[in-house]
Every structure is written in C-alpha cells, then in structure tokens.
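Take a look at the structure set out below.
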Amino acid sequence: MSNASLSDFLKTEPDGTLETIAKQYNTTLLEVVKNLPVHVLTQGGSFDLVWDTVNEWGNVTTLVHTDDVILEFSGELPSGFHRHGYFNLRGKKGMTGHIKAENCTHIALVERKFMGMDTASILFFNQSGNAMFKIFLGRDEHRQLLIEQLEAFRSLAKTLKGAIQ
Numbered sequence: 026m027s028n029a030s031l032s033d034f035l036k037t038e039p040d041g042t043l044e045t046i047a048k049q050y051n052t053t054l055l056e057v058v059k060n061l062p063v064h065v066l067t068q069g070g071s072f073d074l075v076w077d078t079v080n081e082w083g084n085v086t087t088l089v090h091t092d093d094v095i096l097e098f099s100g101e102l103p104s105g106f107h108r109h110g111y112f113n114l115r116g117k118k119g120m121t122g123h124i125k126a127e128n129c130t131h132i133a134l135v136e137r138k139f140m141g142m143d144t145a146s147i148l149f150f151n152q153s154g155n156a157m158f159k160i161f162l163g164r165d166e167h168r169q170l171l172i173e174q175l176e177a178f179r180s181l182a183k184t185l186k187g188a189i190q
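In the numbering used here, the protein residues as written are 26 to 190.
Okay, here's the thing in structure tokens:
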C-alpha cells in the first residue's frame with residue numbers, strides 16, 4: 026500500500042480496478058469512488074431514472090465483480106419493472122434477472138483511465154459500500170467510447186448532479 030492518502034493516490038490516476046485499490050487501502054469501493062478527483066454520486070433512489078435512461082443507449086457492458094469472478098454481459102439493457110421486492114428485467118434474450126433495487130444506496134458516474142483507455146461507468150452500490158453491479162459505455166471498432174453514449178452519460182451526470190445540489 027502506498028503511504029499517500031487515498032485521495033492523493035487517486036489523483037495520480039493509478040491503473041487497475043477500483044476494487045483492488047479499496048483492498049490496498051482497507052476500505053470500501055464506495056469510499057474509493059468518493060475520493061476520486063472526478064465523479065458524480067447520487068442516492069440509490071435515482072435507480073429507475075438511471076436504468077430507464079441507460080436503457081435507451083444501445084449496447085453497453087454490464088459487469089458484476091466479486092472476489093471470485095468478474096462477469097460481463099455486452100448488449101442492450103432490458104427494461105424492467107418492480108414487483109415482489111425486485112426490479113425484474115424483461116429481457117427475453119440476453120440479460121435477464123432480478124435486482125434488489127431497494128438495496129441500492131448510491132449510484133456513481135465515473136470517468137477514468139483503465140489499462141490506458143478512457144472508460145465511463147455507472148456503479149450501483151449496496152449498503153455495505155460494495156458494487157451491486159456496474160454498467161460501462163460501449164466502444165466502437167477502434168475501441169473508443171461511443172460518442173453518443175458519452176454525451177448521454179455526461180448529460181445524465183449533469184442531471185444527477187443538479188438533483189443533489
């Protein structure tokens with residue numbers, strides 16, 4: 026672990042996963058995100074707004090990262106509805122499942138470099154400060170972020186930032 030404070034370390038734009046940095050600093054992923062130089066953080070009550078907005082963006086990568094596995098699904102987000110304590114995904118093909126949306130306490134929008142490439146992601150946090158899942162913007166054939174999605178991401182960030190000020 027670095028002798029630098031977490032916020033000072035993050036200002037150096039370190040490579041690697043935010044989960045690894047959280048382990049190095051013996052803290053939560055949420056605390057790492059709160060210390061990033063640039064991020065937007067909002068309450069989990071924005072879950073429906075964020076999901077419904079991203080649902081219109083086309084192909085994205087949804088990622089679940091635990092100590093044991095990193096699972097990725099690339100494709101369109103399915104729409105969903107709340108019933109029986111879950112946000113139920115309507116996907117007939119591709120991604121399906123059930124999200125305990127009420128467990129989402131925070132949502133962060135983050136732009137940072139990872140493995141030398143620009144990334145933009147939305148992280149959904151539970152009450153333990155861990156990511157329930159993440160959504161990453163799509164890429165073009167040159168591995169660049171899709172411009173339309175990046176513009177929509179930044180617009181969503183402004184909307185959420187305005188809602189929390």
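The beta-carbon is built from N, C-alpha and C at its ideal position, and this holds for glycine as well.
C-beta contact flag for residue i and residue j at 7 Å
| i | j | result |
| --- | --- | --- |
| Phe-161 | Thr-42 | no |
| Ala-126 | Phe-178 | no |
| Val-79 | Lys-186 | no |
| Asn-60 | Leu-31 | yes |
| Lys-138 | Glu-38 | yes |
| His-131 | Gly-83 | no |
| Leu-55 | Gly-154 | yes |
Residue span of the alpha helix (DSSP H) that contains residue i, given as start and end
| i | result |
| --- | --- |
| Asp-92 | Looking at the DSSP string, Asp-92 is not in any alpha helix (DSSP H), and its letter there is neither H nor E. |
| Val-58 | 54 to 59 |
Residue i, DSSP secondary structure in three states
| i | result |
| --- | --- |
| Gln-190 | Its pLDDT being 45, under 50, Gln-190 is placed unreliably in this model, and the value from its coordinates should be taken loosely. In this structure, Gln-190 counts as coil in the three-state DSSP scheme. |
| Glu-38 | coil |
| Ile-132 | strand |
| Leu-148 | strand |
| Gly-122 | strand |
| Ala-29 | coil |
| Gln-169 | coil |
Opposing strand residues paired with residue i [DSSP bridges]
| i | result |
| --- | --- |
| Phe-178 | Its beta-bridge partners do not exist; DSSP assigns none. |
| Gly-100 | Val-85 |
| Lys-159 | Leu-88 and Leu-148 |
| Asn-113 | Phe-106 and His-123 |
| Gln-68 | His-131 |
Spell out a yes or no on whether the segment 105 to 112 and the segment 138 to 155 are touching, meaning 3 or more CB-CB pairs, one atom from each, closer than 8 Å. Contact check between the segment 105 to 112 and the segment 138 to 155: fewer than three CB pairs, one atom from each, fall below 8 Å, which does not count as touching.
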